[in-house]
Every structure is written in structure tokens, then in C-alpha cells.
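Chemist: Take a look at this one; I'll ask things after.
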Amino acid sequence: MNDGNFTVEPLSPATEERVQPEEQFETMVSPSQNPPVQVSPLTVEPQASVKIPWLSAFLTPRQLKYVMLGGLGIIILAVALFFIFRSPFNETRVSLSIEATSSIASGQEVTYKVAYKNGNRVTLKNVKLAFFYPEDSVPLKDGQPAAFTNETVDIGEIGGGGSSDKTFTAIVVGDKGDVRTARAILTYRPSTITSYLQKEVVQPINVMSLEVPLAIDAPQNAISGQSVRYVVTMNNEAGRDINYLRLKATYPRGFRVTSSSPQAAGDNDTWDIASLPDGKSGKITVQGVLVGVQNENKTISFLLQRKMTLSGGEDYVNYEKSEATTVLSLPPLSAQILVNNSDNYTAHLGDRLQYTVILKNNSNSTLERITLTSKLEGNMYDYTSVDTTGFFDSREKTISWNASSFPQLLSLGPNQEARISFTVALNRSFAGSAKDSSVKASVHSETSSVPSGYSVDKIVSDSDVTTRITTSPSLDNKVFVSDPVFGSGGPMPLKVDVKSFFTVKLSLVNPSNDLSSAKIRVVLAPGVTWQDRVRVSGNFPPPVFDPISGIVSWNLGILPGGAGTKTPAVEAYFQISVTPSVNQINQTVLFTRSAVLEGTDNTTNEFVARTLSELRSSNLSDYSGNSTVAQ
Numbered sequence: 000m001n002d003g004n005f006t007v008e009p010l011s012p013a014t015e016e017r018v019q020p021e022e023q024f025e026t027m028v029s030p031s032q033n034p035p036v037q038v039s040p041l042t043v044e045p046q047a048s049v050k051i052p053w054l055s056a057f058l059t060p061r062q063l064k065y066v067m068l069g070g071l072g073i074i075i076l077a078v079a080l081f082f083i084f085r086s087p088f089n090e091t092r093v094s095l096s097i098e099a100t101s102s103i104a105s106g107q108e109v110t111y112k113v114a115y116k117n118g119n120r121v122t123l124k125n126v127k128l129a130f131f132y133p134e135d136s137v138p139l140k141d142g143q144p145a146a147f148t149n150e151t152v153d154i155g156e157i158g159g160g161g162s163s164d165k166t167f168t169a170i171v172v173g174d175k176g177d178v179r180t181a182r183a184i185l186t187y188r189p190s191t192i193t194s195y196l197q198k199e200v201v202q203p204i205n206v207m208s209l210e211v212p213l214a215i216d217a218p219q220n221a222i223s224g225q226s227v228r229y230v231v232t233m234n235n236e237a238g239r240d241i242n243y244l245r246l247k248a249t250y251p252r253g254f255r256v257t258s259s260s261p262q263a264a265g266d267n268d269t270w271d272i273a274s275l276p277d278g279k280s281g282k283i284t285v286q287g288v289l290v291g292v293q294n295e296n297k298t299i300s301f302l303l304q305r306k307m308t309l310s311g312g313e314d315y316v317n318y319e320k321s322e323a324t325t326v327l328s329l330p331p332l333s334a335q336i337l338v339n340n341s342d343n344y345t346a347h348l349g350d351r352l353q354y355t356v357i358l359k360n361n362s363n364s365t366l367e368r369i370t371l372t373s374k375l376e377g378n379m380y381d382y383t384s385v386d387t388t389g390f391f392d393s394r395e396k397t398i399s400w401n402a403s404s405f406p407q408l409l410s411l412g413p414n415q416e417a418r419i420s421f422t423v424a425l426n427r428s429f430a431g432s433a434k435d436s437s438v439k440a441s442v443h444s445e446t447s448s449v450p451s452g453y454s455v456d457k458i459v460s461d462s463d464v465t466t467r468i469t470t471s472p473s474l475d476n477k478v479f480v481s482d483p484v485f486g487s488g489g490p491m492p493l494k495v496d497v498k499s500f501f502t503v504k505l506s507l508v509n510p511s512n513d514l515s516s517a518k519i520r521v522v523l524a525p526g527v528t529w530q531d532r533v534r535v536s537g538n539f540p541p542p543v544f545d546p547i548s549g550i551v552s553w554n555l556g557i558l559p560g561g562a563g564t565k566t567p568a569v570e571a572y573f574q575i576s577v578t579p580s581v582n583q584i585n586q587t588v589l590f591t592r593s594a595v596l597e598g599t600d601n602t603t604n605e606f607v608a609r610t611l612s613e614l615r616s617s618n619l620s621d622y623s624g625n626s627t628v629a630q
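See the structure below:
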């Protein structure tokens with residue numbers, strides 16, 4: 000059909016071979032050579048497609064469709080990138096940096112300059128800068144040593160294009176070759192969004208040299224229970240005299256100082272050095288006994304400090320630090336003591352404790368002429384009850400054994416074990432107002448029979464066991480006709496259909512350890528009325544009554560040790576009433592069914608409970624007349 004400048008033609012057979020079945024009815028539009036005429040409305044059959052003449056020669060209709068879709072995608076991507084890069088906020092335009100020296104001598108003062116910038120057009124709100132000082136450094140605040148290890152600065156807002164910086168100062172210490180790293184975190188919220196963002200940077204500093212290097216001479220290996228010696232040498236390599244130094248030791252657990260040279264101050268752990276001349280050295284020696292288990296690492300550290308004049312005056316600040324580790328080996332002779340076959344036994348008042356001493360020869364040689372003693376410590380022991388095959392010295396509270404009472408002390412073969420026991424009872428009540436009561440038994444053994452390969456004069460082994468004693472609180476309950484605060488009311492003896500009032504008193508004594516989660520439950524008998532009148536001693540909360548269950552609950556929280564012995568007893572009072580019925584004539588009236596105290600011993604973690612029996616009208620503490628109901 001010819002219509003103006005365009006001719007609508009059916010697809011040629013050749014074209015039909017190139018298209019899919021669904022395209023077989025598409026039509027092709029091509030220019031016409033006829034002269035221009037008035038264009039009439041064009042009607043195209045369904046599923047016809049318009050072909051662009053110059054592309055039709057190269058592409059099928061399907062390929063042409065993909066080309067047009069690809070072009071559309073490029074346009075969408077270009078528009079998206081345009082809007083992204085013209086956004087008023089971009090996280091990459093917020094910068095944070097730390098400026099500081101890259102290397103120092105240990106003990107040098109370092110200033111960190113933390114710079115931040117907002118390269119966006121929008122304002123950053125709720126801006127906070129957190130700075131974390133390097134490990135073992137001494138932060139300086141207004142020239143004074145500070146106890147904190149990090150600090151946070153509330154910046155508030157940073158306007159578009161705004162920038163600033165903050166400075167932080169610290170004395171940085173470490174061993175030669177250490178890397179000490181400072182860290183800064185900037186937290187903020189752009190005004191155009193609701194989420195908080197963070198920027199974080201770090202600044203490492205290398206410790207290149209030490210002005211006063213510390214050298215620790217410590218044994219690489221040691222036998223548990225044997226004496227060890229630590230020697231610390233300080234060399235002044237600063238190129239100048241250094242005055243007012245202080246050396247502080249941190250000992251490993253299980254180390255007991257026996258001597259030091261020069262004599263240490265404080266807890267045998269501090270030495271003050273008035274002056275260390277340039278090029279000179281100083282030496283400190285510490286001797287002691289190191290106890291632990293086989294293959295345990297025992298680390299000792301020494302911290303050298305120097306006195307500095309700061310804006311707030313003079314103070315000692317950390318200068319250098321060094322440490323050394325000793326590995327413990329199994330001793331040829333080991334001693335262990337158990338109580339009731341346990342090393343963690345919890346005892347009760349009046350218990351009889353059975354102690355077992357275990358000696359073991361861990362070597363391949365016979366150990367001879369072993370001495371063995373045990374010492375008892377604690378005033379909760381009933382020393383009159385000590386039962387042993389050895390000799391008990393009541394003055395020294397020490398038990399000694401010899402070969403006549405313990406033959407294996409004379410000769411203990413390779414890898415052999417020997418045991419001996421003794422018993423002692425605990426007192427049935429706490430001594431005085433003892434708090435967190437416990438007892439301790441220790442054992443000491445030694446022999447000069449040293450196997451080959453050990454460079455010691457004698458072999459020593461020590462062990463001890465501490466036994467905690469659970470607190471023994473007591474609960475007492477009484478009932479009164481008259482009370483100085485609540486008064487009295489109603490007839491006594493009790494009468495049918497007439498109300499009478501009574502006051503119940505609860506009294507608590509806790510002579511030893513604190514009792515946590517302490518609470519008392521009192522069950523009122525049927526027919527007993529709660530009068531809602533209570534009072535307590537101290538600052539404890541008052542008891543409360545549940546009318547559904549009929550239970551009076553008193554939640555004390557922590558019942559302190561020493562209550563009722565060192566301090567006044569803890570007490571509570573509440574008033575009740577009863578109106579007897581005719582079926583109770585000539586009978587006593589039941590007031591409470593039971594009273595129960597519960598709690599947990601803070602020292603032994605043992606659950607403690609005490610129960611009291613019922614209270615009746617026959618139990619009145621201030622009335623001795625007829626306690627039954629009268630007509």
C-alpha cells in the first residue's frame with residue numbers, strides 16, 4: 000500500500016528466514032521515491048516494527064532493539080552519576096589525620112596533632128573525637144600525668160568546608176624495637192541523614208633507642224619451691240647524668256621475696272636511685288622463692304620511672320619497662336596437702352577436718368632423710384582436738400613427723416608416693432566477731448639428698464590449703480501481747496468472738512560472712528489477720544504481706560557479717576490479730592506455721608537456710624497465764 004512518502008510492504012521471504020516466529024508478521028517501513036503528497040493517517044498491523052533504513056541494512060530487528068536498550072542504559076547511568084557527584088555530602092570528603100614523629104627514644108614526650116576537615120557543603124553534627132594513647136604511655140593533661148588511657152573531645156559541629164585540629168601529649172615508653180601506636184576516631188552525623196558515621200586513623204611510633212636500658216638476669220628454668228635470683232642492671236646511655244630515678248618490680252604470682260640488695264622499700268618492690276652518672280651502671284638484686292606448677296611461665300617485670308618537673312609540680316612518670324620469664328619444672332620432691340580429700344573444701348561449724356599430706360619423689364634417685372612439718376593457722380581450730388601420729392607443738396601450732404612415726408621419711412624410692420593424715424575439729428561457734436572466717440594448713444618438706452643434675456644444696460617443697468567456713472546465721476521469732484510502739488489490745492486469756500492483738504518479732508544474727516539475697520518467709524495461720532503495722536531496725540526494707548498466700552516476706556538484700564555480734568542484731572516487728580471461734584475453746588491458737596531464712600554465703604557461695612517452727616498463743620514471751628481460748 001502506498002501512502003504518501005512511505006510504503007508499507009510485507010516481509011520478503013529472505014527476511015522471514017532471519018526472524019523468529021513471533022516476528023513473522025512485522026512490517027518494514029522504507030522511504031518512497033514518490034513526490035510529496037498529503038499524508039494520511041497510517042494504520043500498522045499488530046506486531047509490526049519500524050525499521051531505520053540505514054541500520055536495517057546491518058541489523059536484524061532484535062539486534063536493533065538491544066542497541067536501543069543499551070543506549071537507554073547509558074543515559075540512565077550518566078544521569079545517576081551526575082546526581083551522585085553533585086550530592087551535598089560524600090563520606091570521602093571527610094578527612095582525619097594524626098601528625099607525630101615516627102621514632103623516639105623511650106621515655107620521650109610526644110605531641111600528637113589530630114587534624115580533621117569537612118570537605119562537604121553540609122554541616123557535620125554531634126561530632127566527637129576519641130583519642131587512644133599508646134600502650135604503657137603516660138598521658139599528660141595540662142602538664143600533669145593523667146590516669147586515663149583515652150579521652151574524648153566533644154567538637155559539636157563542623158560547618159561545610161570547616162577544619163581544625165586538637166593536640167594530645169604523652170610520654171611514650173617501650174623496649175628498643177617496640178612499636179607504640181596511637182589511634183583516633185571521629186564520629187559524626189551529616190545534617191542530611193540520620194545515621195552516624197566514623198573515620199579512624201592510627202599513628203605508629205618506633206622506639207629506636209633507650210636512654211637507660213634495663214637488663215634482667217633471670218633463670219630460664221627453675222624448680223618450684225626453690226630459691227631464685229633476679230639481677231637488674233641499668234646503664235646510662237643518655238649522654239648526661241640522670242637524677243631521681245625509681246625502679247618498681249611486679250613479681251609473678253607465687254614469688255616470695257627473701258632478700259634484696261639494696262634493700263627495697265614499700266612491699267619489697269621499690270628502689271629510689273638519686274643519681275645515675277653518664278656512662279655508669281647500677282645493679283639491683285632480688286632473691287626469693289618461686290612456687291607454681293610444672294611448665295608454668297612466671298614473668299617478672301621492672302618499670303623504671305623518672306621524676307619530672309611538670310606544670311603542676313614534680314611527679315614520677317614511666318620511663319622504661321622490661322620483663323623476663325622463667326619456666327617452672329617439676330621438683331624432685333613435691334608435697335601436697337588436702338582437706339577431706341579436696342583442695343577446695345567448704346567447712347561448717349563443728350566439722351572435723353581430715354588433712355592428708357602427700358609426698359612424692361619425682362626423680363629417678365632415692366631421697367633420704369626427709370623432714371616434714373605442718374602448721375595450722377586460724378582461731379577457728381579447736382586445737383585441743385588435734386589427732387596425729389606426729390608431735391603437736393601447741394605453742395607454734397605445728398605438727399612434726401620423724402622416721403619413727405613416718406618411716407618413708409627415712410627413704411623414699413624413685414617415683415614413690417607416701418601419705419600421712421591428721422585430724423582437727425572446728426569450733427562450734429565463731430570466735431568473737433570474725434568476718435569471712437577461714438583456716439589454713441600448710442606443709443613444708445625438705446631434704447639434703449639432692450639427685451644429680453640439680454645445682455642446689457637442698458630440695459624444698461611447700462604447699463598449703465585454705466578452708467573457708469560457711470557463715471552460720473541464726474533466726475529467732477517471738478510473739479508478744481504488748482509492744483512499746485504498737486501497744487496492746489483485746490482480752491487475755493483469749494475469748495470467743497473477741498479480737499486480740501499480738502506483735503511478732505523477727506531477730507537475725509550473722510556472726511561471719513556477708514549473706515547475699517537474704518530473705519525471710521513467715522506463713523500466717525488461717526484466721527490470723529495482718530494489721531499492716533511494721534517497723535524494722537537500720538535501713539532495711541519492711542516486711543510485706545501477700546493476702547492471697549498468707550505469707551509475710553522480708554527481703555533484706557545483704558545481711559552483713561557481724562550483725563548481732565559486732566553490730567546490733569537485725570530486727571523486724573509486725574502486728575497481727577485473731578478472733579477465736581467457739582470450736583477453739585480450751586485450745587491454743589496458732590499464729591504462724593513456719594519461718595524460713597534463706598541466702599547465699601558471699602565467701603563460700605554456699606546456699607544457707609534456717610527454719611523455725613510454729614508460734615502459738617502458748618509461746619507468748621510476755622504472758623505466762625492461761626493461753627487457751629475461754630468461753
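Under numbering that gives the first Met the number 0, the first residue of the sequence shown carries the number 0, and numbering increases by one thereafter. Glycine residues also receive a C-beta, built at the ideal position from the N, C-alpha and C atoms. This one's a predicted model, so the numbers in the text were calculated from it and none came from an experiment.
(1) Please classify GLY389 as buried or exposed, where buried requires at least 16 other C-beta atoms within 10 Å of its C-beta.
(2) To the nearest angstrom, how far is the alpha carbon of GLU199 from that of VAL438?
(3) Between VAL581 and LEU493, how many whole angstroms is the CB-CB distance? I'm expecting something under 8 Å.
(4) DSSP state of GLU21, grouped into three classes?
(5) Enumerate, from N- to C-terminal direction, the unbroken beta strand (DSSP E) stretches of 3 or more residues contained entirely within the segment 167-202.
(6) Just to confirm the assignment, what range does the beta strand (DSSP E) spanning ARG255 have?
(7) Beta strand (DSSP E) containing GLY537: first to last residue?
(8) Assuming ALA114 is part of the beta strand (DSSP E), what are its boundary residues?
(9) Going by CA-CA distance only, name the one from PHE539, VAL290, GLN630 and SER260 that's closest to PRO330.
(10) Can VAL356 and ILE369 be called in contact, C-beta distance under 8 Å?
(11) At the level of alpha carbons, what is the spacing between PRO226 and SER473?
(12) Rounding to the nearest angstrom, what Cα-Cα distance links LEU348 and VAL480 in this structure?
(13) Can you tell which of GLN530, ARG592 and ASN360 has its C-alpha closest to the C-alpha of PHE500?
(14) My output table needs one value for VAL38: the three-state DSSP class, helix, strand or coil.
(15) Could you round the C-beta distance between THR591 and LEU614 to whole angstroms and report it? I think they count as a contact, below 8 Å.
(16) Just to confirm, is the Cβ distance from SER448 to SER462 under 8 Å?
(17) When you compare the segment 169-182 with the segment 104-119, are there three or more beta-carbon pairs, one atom per stretch, that lie closer than 8 Å?
(18) For the putative contact between LEU371 and LEU411, defined by C-beta atoms under 8 Å, what is the C-beta separation to the nearest angstrom?
(19) How should MET67 be labelled, buried or exposed, when 16 other C-beta atoms within 10 angstroms of its C-beta is the threshold for buried?
(20) Which of the three DSSP states is assigned to ARG592 in this structure?
(21) For SER410, which residues does DSSP report across the bridge?
(22) Looking at LYS247 and LEU209, is the spacing between their C-beta atoms short of 8 Å?
(23) Assess contact between the segment 506-513 and the segment 454-470, defined as three or more Cβ pairs (one per stretch) separated by less than 8 Å. Is contact present?
(24) Would you mind sorting LEU41 into buried or exposed? The rule is 16 or more other CB atoms within 10 Å of its CB.
(25) So does the segment 95-103 actually touch the segment 145-160, counting three or more Cβ pairs closer than 8 Å?
(26) Could you check the C-alpha separation between GLU22 and ARG61 for me, to the nearest Å?
(27) Could you please give me the residues that DSSP links to LYS457 through a beta bridge?
(28) Any beta carbon from chain B within less than 8 Å of SER616's own beta carbon?
(29) Whole angstroms is fine: what's the gap from ASP314's alpha carbon to VAL551's?
(30) I'd like the ranges of any beta strand (DSSP E) spanning at least 3 consecutive residues and lying wholly in the segment 268-293.
(31) Quick one: give me the first and last residue of the beta strand (DSSP E) that PRO138 is part of.
(32) Does DSSP put MET307 in a helix, in a strand, or in coil?
(33) Going by DSSP, name the residue or residues bridged to SER208.
Modeler: The short version:
(1) buried
(2) 54 Å
(3) No, VAL581 and LEU493 are not in contact; Cβ-Cβ is about 12 Å, not under 8 Å.
(4) With a pLDDT of 43 at GLU21, under the threshold of 50, the modelled position of this residue cannot be trusted, and the question is left open.
(5) 178-189
(6) 254-260
(7) Counting along the chain, GLY537 falls outside any beta strand (DSSP E), and DSSP gives it neither H nor E.
(8) 107-117
(9) VAL290
(10) no
(11) A quick correction: the sequence has Ser, not Pro, at residue 226. Their backbone Cα atoms lie some 48 Å apart in a straight line.
(12) 36 Å
(13) GLN530
(14) Note on VAL38: pLDDT 47, under 50, position unreliable in the model; no value is reported.
(15) 5 Å
(16) no
(17) yes
(18) No, LEU371 and LEU411 are not in contact; Cβ-Cβ is about 11 Å, not under 8 Å.
(19) exposed
(20) strand
(21) GLU367
(22) no
(23) yes
(24) With a pLDDT of only 47 at LEU41, under the threshold of 50, the placement of this residue in the model should not be trusted; the figure read from the coordinates follows. So LEU41 counts as exposed.
(25) no
(26) For GLU22, the predicted model reports a pLDDT of 43, less than 50, meaning its position is unreliable; a value from the coordinates is still stated below. Roughly 9 Å between the two C-alpha positions.
(27) The partner list for LYS457 (beta bridge, DSSP) is empty, contrary to what the question assumes.
(28) Judged by its chain identifiers, the structure shown contains no chain B, having just a single protein chain.
(29) 59 Å
(30) 269-275 and 280-289
(31) 137-140
(32) strand
(33) ALA104
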